[in-house]
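Novice:
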Amino acid sequence: QTIGRHHQYPDGFMLYCGTMFAPVQDRDGPGQGFTHHIGDTVTISAPALSALTNVVRLSTEAPPWTFGTAALMRNLAGRDLI
22 QTIGRHHQYP
32 DGFMLYCGTM
42 FAPVQDRDGP
52 GQGFTHHIGD
62 TVTISAPALS
72 ALTNVVRLST
82 EAPPWTFGTA
92 ALMRNLAGRD
102 LI
């Protein structure tokens, strides 16, 4: 359930779950936990990783995710970074 048209962007699973990027404060009220709202601008950063900034929208309304691991490796190799 974490991949497909309704959840096609894996960055949240890689960086948010169980890490220093996981939100820890309640958002809408005490005891209600945290969730992003449509239109939120979200930035996560760390000195070793730089920053990732996105505007929250429904995955079904966002452009499709097409840049996978193989494309990343080709991109890095093409720039002589690996």
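FYI, in the working numbering the residues of the sequence shown are 22 to 103. Cβ coordinates follow ideal geometry from the N, Cα and C atoms, glycine included.
Tell me where the beta strand (DSSP E) around A72 begins and ends.
Specialist: Taking the sequence shown and counting its residues from 1, one reaches residue 72 at position 51. That run of the beta strand (DSSP E) goes 71-76.
Novice: For I103, count the other beta carbons within 10 Å of its own beta carbon; 16 or more makes it buried, fewer makes it exposed. Which is it?
Specialist: Numbered from 1 along the sequence shown, position 82 holds the residue referred to as residue 103. Answer is exposed; the Cβ neighbour count stays below 16.
Novice: Who are I65's beta bridge partners in DSSP?
Specialist: Mapped onto the sequence shown, residue 65 falls at position 44. According to DSSP, I65 bridges with L73.
Novice: Taking the alpha helix (DSSP H) that T90 falls in, what are its first and last residues?
Specialist: Start at 1 with the first residue of the sequence shown, and residue 90 comes out as number 69. Counting along the chain, the alpha helix (DSSP H) containing T90 begins and ends at 90-99.
Novice: Straight-line CA distance for N75 to F88?
Specialist: Walking along the sequence shown from the start, residue 75 turns up at place 54. Walking along the sequence shown from the start, residue 88 turns up at place 67. Cα-Cα distance, rounded: 16 angstroms.
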